[in-house]
Amino acid sequence: MNLTRRALLAAASTLALTALPAAAQEPPKPRQIVINASGGAQAASLRASYWADFEKETGIKVVDTSPVDFGKLRAMVDSGNIAWNISEIGGQDGFRVTQMGLAEPIDAKIVDRSTFVPAAKEMTHVFSPSSYSTVIAYRTDAFPKGGPKNWADFWDVKKFPGPRSLRNHPVDNLEAALMADGVAKDKLYPLDVDRAFKKLDEIHRHISVWWTTGQQPAQMLIDKEVVLATGWNGRFYGLILEKAPLAIEWEGGVLKQSSWVVPKGAKDQYWSMKLLAMMTDPKRQAENAMKLGYSGTNTLSEQYVTADKKPHLPLEPGNLAKQIWLDQEWWTKNGQAMAERWNKWMLSKQ
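In structure tokens, the structure reads:
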């Protein structure tokens, strides 16, 4: 009888433990989670849309640092001295960080990406809650009959005269050059590099400024330093909503995902995954999208975006149909060689 009673008590104890709420079975909470991010307006929006609620719900402080630094991330992982729990990386670096073993796999049991766009749920070690695009932007008062409609128009300095700006980087520019030369969007990859640089030769002397920081294109357009520029769509978003004389063209836009990783060997990985899980929420993604102009990658988020904001977001169906996704795998394999060739090309033009 006593043995039976003890067995029953043991069974009851086991059932009680399995019935405990998830929080009771979670690992100890750290005092803080450190996130390395881009800073500025993006960090402010991320805090308002996600991080502040995470702090309230968990009691864990979210500390953000900047700027994003791939080299520093690699050095941390290599040394085992990892100061970040989560780090943002460049949109083209997803395959590279995975191949180099610098990131932990995203825990699918915690982070549900089942309703994300395909490009954002295929990466095993990279979390992508939003998407942005490199687009053509222009001053509407410089082109009262209508601005450029594609990359061929951007290259057409007679039809669309005036000072222009391109990024001082091969990413996006090689794709743009090939589209300007008539390559169909679905035939871009693998990139015909020789053809791209030949097309870039045509426009080099017409580029007034080769920009290096994200805020430059919009500022140059506002200051009338240039009338045409490429840039990340979110940099023009707020200005266009405020009725500045700017417009963007989505045709041939080069889409990328914002990319976040949990560094390999980082502490408190469970809580990092919980924070990423909060960033899957469609309503929160919509809130962030309406602040920054970068679409949420959860397909359910679009329904929460107000009608006046939808036309300005890259993953709005009409805009999405005009664009391409950057081939991260191609750039992972060829990025270093392209950077070296780009630098030599720029030097040859001096």
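If you count by mature numbering (1 follows the signal peptide of the UniProt record, and there is no 0), then the sequence shown holds residues -24 to -1, 1 to 326, one letter each, in order.
Every residue, glycine too, gets a C-beta built ideally from N, C-alpha and C.
Please read all numbers here as calculations on a predicted model, not as lab measurements.
- Here Glu218 is exposed. Its C-beta has fewer than 16 other C-beta atoms within 10 Å.
- Beta-carbon to beta-carbon, Gly294 and Glu225 are separated by about 13 Å, too far to satisfy the 8 Å threshold.
- Counting only residues of its own chain and dropping the five nearest sequence neighbours on each side, Ile82 has a CB closer than 6 Å to the CB of Phe103.
- For the options Ser248, Ser107, Ala118, the alpha carbon positioned closest to that of Val87 is the one of Ser248.
- Between Lys309 and Trp127, the alpha-carbon positions lie close to 25 Å from each other.
- Taking Ala156 as the centre and dropping the five residues before and after it, the same chain places the C-beta of Trp127, Ala128, Phe130, Trp131, Lys175 closer than 7 Å to its C-beta, in chain order.
- Here Arg115 carries a strand assignment [DSSP, helix/strand/coil].
- When C-beta atoms of the region 45 to 54 are compared with those of the region 14 to 30, fewer than three pairs fall below 8 Å, so the two segments do not count as touching.
- Every alpha helix (DSSP H) of 4 residues or more that sits fully in the region 254 to 321 is shown, in chain order, as 258 to 268, 293 to 296.
- Annotated three-state conformation of Val44 is coil, per DSSP.
- For Ala172, the uninterrupted alpha helix (DSSP H) run begins and ends at 169 to 179, by DSSP.
- Its Cα nearest to that of His182, the residue Val203 stands out among Gly190, Val203, Pro4, Asp168.
- Sequence-distant partners of Ala220 (beyond 5 residues in either direction) whose C-beta falls short of 7 Å from its own C-beta, in its chain, are Ile198.
- 8 Å or more divides the Cβ of Ile58 from the Cβ of Asp244.
- Contiguous alpha helix (DSSP H) elements confined to the region 81 to 105 occur at 94 to 97, taking only those with 4 or more residues.
- Secondary structure note for Lys232: its beta strand (DSSP E) is the uninterrupted segment 222 to 233.
- Membership of Ala205 in the beta strand (DSSP E) is indicated by the continuous run 204 to 208.
- The Cβ atoms of Pro105 and Gln279 do not sit closer than 8 Å to each other.
- Linking Pro193 to Leu215 through their CA atoms gives a straight-line distance of about 12 Å.
- The count of Cβ pairs closer than 8 Å, one atom from the region 28 to 47 and one from the region 2 to 19, reaches three, so the stretches are in contact.
- For Trp186, the enclosing beta strand (DSSP E) covers residues 183 to 187.
- Judged by DSSP secondary structure, Glu64 falls within the beta strand (DSSP E) whose first and last residues are 62 to 65.
- DSSP places Val39 in the strand class (E or B) of the three-state scheme.
- Pairing Thr206 with Glu2, the inter-Cα distance amounts to about 46 Å.
- A distance of 8 Å or more separates the beta carbons of Gly66 and Gln233.
- Distance between Ile300 and Ala152, taken at the CA atoms: about 11 Å.
- Taking all protein chains shown into account, Glu33 has fewer than 16 neighbouring C-beta atoms within 10 Å of its C-beta and is therefore exposed.
- C-alpha of Thr275 to C-alpha of Leu268: approximately 17 Å in a straight line.
- Straight-line spacing of the CA atoms in Thr91 and Gly272 works out to 11 Å.
- Within the same chain, Cβ atoms closer than 7 Å to the Cβ of Asp69 are found at Phe46, Ser235, the five residues on either side in sequence being excluded.
- Collapsing the DSSP output to three states places Leu164 in coil.
- Around the beta-carbon of Leu302, 16 or more other beta-carbon atoms lie within 10 Å, marking it buried.
- Per the coordinates, the alpha-carbon of Phe136 lies some 15 Å from the alpha-carbon of Glu178.
- Looking at the backbone, the Cα of Met314 and that of Pro146 are separated by about 7 Å.
- Per DSSP, Gln68 lies in no beta strand (DSSP E) segment and is marked neither H nor E.
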